[in-house]
Amino acid sequence: MTDTKLFMQHDAIHDLVEGMARVLRHRLQDRGFDDPAMIGIHTGGVWIAEQLHRLLGIRDPLGQLDISFYRDDFTRIGMNPKVRPSAIDFEVEDRHIILVDDVVQSGRTIRAALNEIFDYGRPASVTLVTLIERSGRELPIQPDVSGLRPPLEPQEHIRLNGPAPLSLEIGRSHTHRHQETQD
Amino acid sequence: MANQNQDLQLDDQGRLRHFLTIDGLGRDLLTEILDTAESFASLPGRPVKKVPLLRGKIITNLFFENSTRTRTTFELAAKLLSADVINFNVSVSATSKGETLLDTLRNLEAMHTDMFVVRHAQSGAAHFIAGQAAPGVSVVNAGDGQHAHPTQAMLDMFTIRKHKGDFTPLRVAIVGDVLHSRVARSQILALNTLGVTEVRVIGPRTLLPGEARAMGVHVYHNLEDGVRDVDVVIMLRLQNERMKGALLPSQHEYFQLYGLTDERLENARPDAIVMHPGPINRGVEMDSAVADGPRSVILQQVSYGIAIRMAVMSMAMQVRTAAASKEEAPA
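Top line first, the protein sequences correspond to chains A and B. One point on numbering: in this note's numbering, the residue at position 91 of the first sequence is 91, and numbering is uninterrupted. Position in the second sequence (from 1) plus 1000 gives the number in this note's numbering.
Here you go:
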């Protein structure tokens, strides 16, 4: 049982992503990370990454990760029946990687994504970018750049719908579950 | 029989628990297997080909009948899922089957096996083991007698979908020793479940089962007529080792009548593909020119077999662990 309400609409999300692109560009310049490559996590992360990829003018095609085969809760909730193949069409070895997701909550999705990226090669660095940074971390993983930190209670969850138009929705679960890793 | 299979193979949510036969499984589940395999098929292109999905699980290959190729692809599939694999080759006399099978099973369960991959010369052996296995232990049928070989059928379906996309408009011909072939039985069930236009079986009367028409197929005894306008030709291996009694005059004569050659393929659609579950008897079931020719997808079948076995193993294992954790969870 969940009740949901609209939190943010397409244009506002796009403004947020433009702001993230500016911060990210500075961050990369400060650190001297030239010619970075970008990877989005299915599904919401890819939608945000597509916008960032265009705004930053990244040379390599956008990589896409489906972390279903790397999740730590496979033995508890089973497999996502709609697993899509991951597609990274560039060399990961020694590259500066920008990893993009829609929401970071427990941090378990990002842990799984990092493991999968390392199976493609050893990146020079990984910079984490998320649209939403929310409470509920279970692992020591923090985004380098995030669009928004909405104050949410533990039983509330936030969800990105898309791809066009994008909207953010806040729901309230009557039973507490970790939503993030199931998206 | 279908309901019984469903009960044994699926859990109360309709998810795969054991994979024993295509019989009783719906189009949605078969499509889910193909979709999951699609994701696994992309792994060999990566520097690290393994995924950690079944890390910490033990899979036992329980082969009562020799088959290097099938065992190897199951072993590779398990290893690519990061499971640990035990290979257990057992040769038993048919008479001591019942008790020996159960004893073997109990011994291996005591070694904490999570999944058995079973091949046996007796039809129904995998069902028997699935019925006896402890709750939470999955069984995958790697071929039982003349009954079923469901992972072979699914890798054939995967190969067909890769080349043809949609199943609905397809006409598929299965050529050869259908009578002794568990592969053909599983293929016919899978093709009809996935909704192809027509399934044909082609072969001499002595090698086609009496109930062929009841299986939803059209029967042909002439190869040239049978392959007319088909999209897919599946050749079966002549099961020499299974043939008791003189069902055929000679291999040479068989090739004269039912061996696939380029000339005979001319009646099929120009884009028809040719499949064979291997190992091929060149010059018996087909000409080398066909086996090595542009329409042959035989080696792709082998690669796709790994992805299909990964899909089936992970799908069966997810329910295993989900069921186990449900038992542990407080009410």
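C-beta: ideal position from N, C-alpha, C; glycine also. Bear in mind that the values here come from a model prediction, so they are computed numbers and not experimental data.
DSSP places residue 1144/B in the strand class (E or B) of the three-state scheme.
Cβ-Cβ distances below 6 Å link residue 1066/B to nothing in the same chain once the five nearest sequence neighbours on each side are left out.
Secondary structure at residue 120/A: coil, using DSSP grouped into helix, strand and coil.
Among the bridge pairs identified by DSSP, residue 1067/B is matched with none.
Within chain A, the C-beta atoms nearer than 7 Å to that of residue 1048/B come from 119, in chain order. Taken in chain order, the whole beta strand (DSSP E) runs of length 3 or more contained in the region 1164-1228 of chain B are 1171-1175, 1198-1202, 1218-1220. Here residue 64/A is buried. Its C-beta has 16 or more other C-beta atoms within 10 Å.
Interface with chain B (8 Å Cβ-Cβ cutoff): residue 83/A is included. Residue pairing from DSSP places residue 1120/B in a beta bridge opposite 1144/B. Going by DSSP, residue 126/A is part of the beta strand (DSSP E) stretching over 125-133. Where residue 172/A is concerned, the enclosing beta strand (DSSP E) starts and stops at 167-173. Around residue 1304/B, the same chain offers 1037, 1041, 1155, 1158, 1159, 1162 as residues with beta carbons nearer than 8 Å, after the five sequence neighbours per side are excluded. Straight-line measurement puts the Cα of residue 114/A at about 10 Å from the Cα of residue 122/A. In this structure, residue 134/A lies away from residue 155/A, with their beta-carbon atoms at least 8 Å apart. Within the region 1053-1085 of chain B, those residues whose Cβ lies closer than 7 Å to any Cβ of chain A are, in chain order, 1053. Here residue 1045/B is exposed. Its C-beta has fewer than 16 other C-beta atoms within 10 Å. In terms of beta-carbon proximity, residue 74/A lines the interface with chain B, with at least one pair separated by less than 8 Å. Residue pairing by DSSP places residue 4/A opposite 171/A in a beta bridge.
For residue 78/A, a Cβ of chain B is located within less than 8 Å of the residue's own Cβ. For residue 90/A, there are no C-beta contacts with chain B under 9 Å, since the nearest C-beta of that chain is about 13 Å from it. Collapsing the DSSP output to three states places residue 84/A in coil. Between the alpha carbons of residue 1054/B and residue 72/A lies a gap of roughly 10 Å. Exposed is the label assigned to residue 1222/B, since fewer than 16 other Cβ atoms lie within 10 Å of its Cβ. Taking 8 Å as the upper bound for CB-CB distance, residue 1234/B and residue 1302/B are not in contact here, some 15 Å apart. Taking C-beta atoms as the reference points, residue 1008/B and residue 1130/B count as a pair closer than 8 Å. Counting only runs that start and end inside the region 1259-1328 of chain B, the beta strand (DSSP E) elements of at least 3 residues fall at 1273-1275. Beta bridge pairing from DSSP links residue 157/A with 171/A. Between residue 42/A and residue 1263/B, the alpha-carbon positions lie close to 49 Å from each other.
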